[in-house]
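Trainee:
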Amino acid sequence: PLCFARNQIIPSSEATLHPMDIGLIRGYGIFDFFRTENFVPLFLTDYLDRFIGSAQKTYLPLDFNKETLRNIILELIEKNDLRQGGIRMLLSGGMSDNHFSPAKGDLFIFCEDLMFPGEQKYTNGVKLSSIEHVRALAEIKTTNYTFPVWLSSNWKKEGAEDVIYHHNGLISESSRSNIFVIKNGEIFTPDQNVLHGITRKRVLELSGSIKIQPIGFDETLAADEVFMTSTTKKILPVTRIDDRQIGNGKPGKITKELIQAFQEMEQKNSG
Ligand code: PLP
3 PLCFARNQII PSSEATLHPM DIGLIRGYGI FDFFRTENFV PLFLTDYLDR FIGSAQKTYL
63 PLDFNKETLR NIILELIEKN DLRQGGIRML LSGGMSDNHF SPAKGDLFIF CEDLMFPGEQ
123 KYTNGVKLSS IEHVRALAEI KTTNYTFPVW LSSNWKKEGA EDVIYHHNGL ISESSRSNIF
183 VIKNGEIFTP DQNVLHGITR KRVLELSGSI KIQPIGFDET LAADEVFMTS TTKKILPVTR
243 IDDRQIGNGK PGKITKELIQ AFQEMEQKNS G
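Quick note: the sequence shown uses UniProt numbering, first residue 3, plus one each step.
1) If you check the beta carbons only, do V165 and I133 fall under 7 Å apart?
2) Of all the alpha helix (DSSP H) runs that stay within the bounds of the stretch 32–60, which reach a length of 4 or more residues?
3) Could you check how far apart the C-beta atoms of T38 and I79 are, in whole angstroms? I think they sit under 8 Å.
4) For a test of the three-state rule: what should DSSP assign to P13, helix, strand or coil?
5) Going by DSSP in three states, Q247 sits in which element: helix, strand or coil?
6) Can you name the start and end residues of the alpha helix (DSSP H) that L71 belongs to?
7) A225 and V196: beta carbons closer than 7 Å?
8) Heavy atom of the ligand PLP less than 6 Å from the Cβ of T201, yes or no?
9) Which residues in the same chain have their Cβ closer than 7 Å to the Cβ of F110, if we skip the five residues on either side of it in sequence?
10) For the beta strand (DSSP E) that contains A7, what are its first and last residues?
11) Looking at the ligand PLP, does it come within less than 6 Å of N9, judged from the CB to the closest heavy atom?
12) Residue range of the alpha helix (DSSP H) that M117 falls in?
13) Give a yes or no on whether the C-beta atoms belonging to E227 and I256 are separated by under 7 Å.
14) Just verifying my parser: in three-state terms, what is the DSSP assignment at E221?
15) Taking the C-alpha atoms as reference points, what is the distance between N73 and T125?
16) Using only the heavy atoms of the ligand PLP, determine whether one of them is closer than 6 Å to the beta carbon of R178.
17) Closer than 6 Å to a non-hydrogen atom of the ligand PLP - does that hold for the CB of S232?
18) For G171, which residues from the same chain have a beta carbon less than 8 Å from its beta carbon, with the 5 sequence-adjacent residues on both sides left out?
19) With DSSP as the reference, identify every bridge partner of F264, one or two as the case may be.
20) Leaving out five residues before and five after K185 in sequence, what residues of the same chain have Cβ atoms less than 6 Å from its Cβ?
21) What is the rounded straight-line gap between the Cα of residue 277 and the Cα of I11?
22) Please report the Cβ distance between A105 and I24, rounded to the nearest whole angstrom; I am assuming they are in contact, meaning their Cβ atoms lie under 8 Å.
23) Under 8 Å by Cβ, that's how I've got L260 and I243 pegged, so tell me the actual separation to the nearest angstrom.
24) Cβ of E175 versus every heavy atom of the ligand PLP: is any distance shorter than 6 Å?
25) List the DSSP bridge partners of L109.
26) Determine the DSSP secondary structure at L62, reduced to helix, strand or coil.
27) For F149, which three-state DSSP category applies?
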């Protein structure tokens, strides 16, 4: 496949990053990730806005504006014949004089195979392991996932799909997904210490009455339904947190309705 690196479209195998880039030695960089369906990059403007916003918030210069990025992406989709796939934009922290200050990094855009959760996870729901944690710079899509990658060895041992972070009694999100909680027919999602997911945004649009407010960890355990959202998971039911069953232990009615509505919206957008 082809990618964008060294300011041009080149074979992916020829993309390189200097080992002293602070993206690597300090874990300082930003990225974003979206999907194509039927050759259409879904909700691309939202992802481009978030990527450009992440660069600004991390003081990383990005020499490409939204329209240039869009054109590179469309060219990659066409040349790679990417009917259904993932696209990752990555901006490294750069080669810094003092090996610490943000510098001018390298931009990479590359195409990937998608890894969707298996169908069974949607019919049975998944388990999350809870952990007391609050992410730094949660609203920026940084490349630093050291903590959850480290945690993942443990949550896999516990049979969990992922983690749910909570802090001071309030939940925030999962390691790569946002969380929604349903109680007595009302849907809630937190806003503090979370990445503003593009899937989360779409779900908020699907149901105009979702309440954006702090949610207790205890309330989450006592919820009727819980689900998580992300670009690759879409809407995935959560039926267990640690040793606690959520609701009746099966994907709930409202979650299933939203999964259906999301699918219809996606089909409309991919033509
Ligand atoms: N929260 C975090 C920390 C993430 O890394 C991600 C996505 O990777 C999300 C939430 C979900 O965001 P999106 O729906 O845009 O994929």
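Glycine included, C-beta positions come from ideal geometry on N, C-alpha and C.
Mentor: This is what the structure gives:
1) In the sequence shown, residue 165 corresponds to position 163, counting from 1. In the sequence shown, residue 133 corresponds to position 131, counting from 1. With contacts defined as CB atoms closer than 7 Å, V165 and I133 qualify as a contacting pair.
2) Along the stretch 32–60, the alpha helix (DSSP H) occurs as fully enclosed runs of 4 or more residues at 46–59, listed in sequence order.
3) Within the sequence shown, the letter at position 36 stands for residue 38. Within the sequence shown, the letter at position 77 stands for residue 79. Yes, they are in contact, since the Cβ atoms of T38 and I79 sit about 6 Å apart, within 8 Å.
4) Along the sequence shown, read from residue 1 onward, the residue named residue 13 stands at position 11. The DSSP-derived three-state label of P13 is strand.
5) As a first step, residue 247 must be located in the sequence shown, where it is residue number 245. Three-state DSSP puts Q247 in a strand.
6) The count along the sequence shown starts at 1 and reaches residue 71 at position 69. Taken as a continuous stretch (DSSP letters only), the alpha helix (DSSP H) holding L71 covers 68–82.
7) By one-based count along the sequence shown, residue 225 stands at place 223. By one-based count along the sequence shown, residue 196 stands at place 194. One thing to note: A225 has its Cβ no nearer than 7 Å to the Cβ of V196.
8) Looking up residue 201 in the sequence shown gives position 199. The nearest non-hydrogen atom of the ligand PLP is less than 6 Å from the C-beta of T201.
9) Counting from 1 along the sequence shown, the entry for residue 110 is found at position 108. Beyond the five residues adjoining it in sequence on each side, F110 comes within less than 7 Å, by CB distance, of C5, F6, A7, A17, L92 in the same chain, given in chain order.
10) The residue you call residue 7 lines up with position 5 of the sequence shown. For A7, the uninterrupted beta strand (DSSP E) segment begins and ends at 4–7.
11) Start at 1 with the first residue of the sequence shown, and residue 9 comes out as number 7. No, the Cβ of N9 stays beyond 6 Å of every heavy atom of the ligand PLP.
12) Numbered from 1 along the sequence shown, position 115 holds the residue referred to as residue 117. Per DSSP, M117 belongs to no alpha helix (DSSP H) and is neither H nor E.
13) Translated into positions along the sequence shown, residue 227 becomes position 225. Translated into positions along the sequence shown, residue 256 becomes position 254. In this structure, I256 lies closer than 7 Å to E227 by Cβ.
14) As a working note, residue 221 is residue 219 in the sequence shown. In this structure, E221 counts as helix in the three-state DSSP scheme.
15) Here residue 73 refers to the residue found at position 71 when the sequence shown is read from its first residue. Here residue 125 refers to the residue found at position 123 when the sequence shown is read from its first residue. N73 and T125: Cα-Cα distance of roughly 38 Å.
16) To locate residue 178, count along the sequence shown from 1; it is residue 176. Answer for R178: yes, Cβ within range of the ligand PLP.
17) Within the sequence shown, the letter at position 230 stands for residue 232. In this structure, the C-beta of S232 approaches the ligand PLP to less than 6 Å from one of its heavy atoms.
18) Within the sequence shown, the letter at position 169 stands for residue 171. The beta carbon of G171 lies closer than 8 Å to those of G218, F219, D220 in the same chain, with the five residues before and after it left out.
19) Locating residue 264 in the sequence shown gives position 262, where the first residue counts as 1. Answer by DSSP bridge pairing: none, since F264 is not bridged.
20) In the sequence shown, the residue the question calls residue 185 occupies position 183. The residues are A225, D226.
21) Outside the displayed range of the chain (3 to 273) lies residue 277, so it cannot be described from this structure.
22) Stepping through the sequence shown from its first residue, residue 105 is reached at position 103. Stepping through the sequence shown from its first residue, residue 24 is reached at position 22. 7 Å between Cβ atoms; contact.
23) Working through the sequence shown from its first residue, we reach residue 260 at position 258. Working through the sequence shown from its first residue, we reach residue 243 at position 241. So it is not a contact: roughly 19 Å between Cβ atoms.
24) What you label residue 175 is simply residue 173 of the sequence shown in a count that begins at 1. For E175, the shortest separation between its Cβ and any heavy atom of the ligand PLP lies below 6 Å.
25) Along the sequence shown, one-based indexing puts residue 109 at 107. Note: L109 sits in a beta bridge opposite L93.
26) By 1-based counting over the sequence shown, the position of residue 62 is 60. Residue state, collapsed to three classes: coil.
27) Mapped onto the sequence shown, residue 149 falls at position 147. Residue state, collapsed to three classes: helix.
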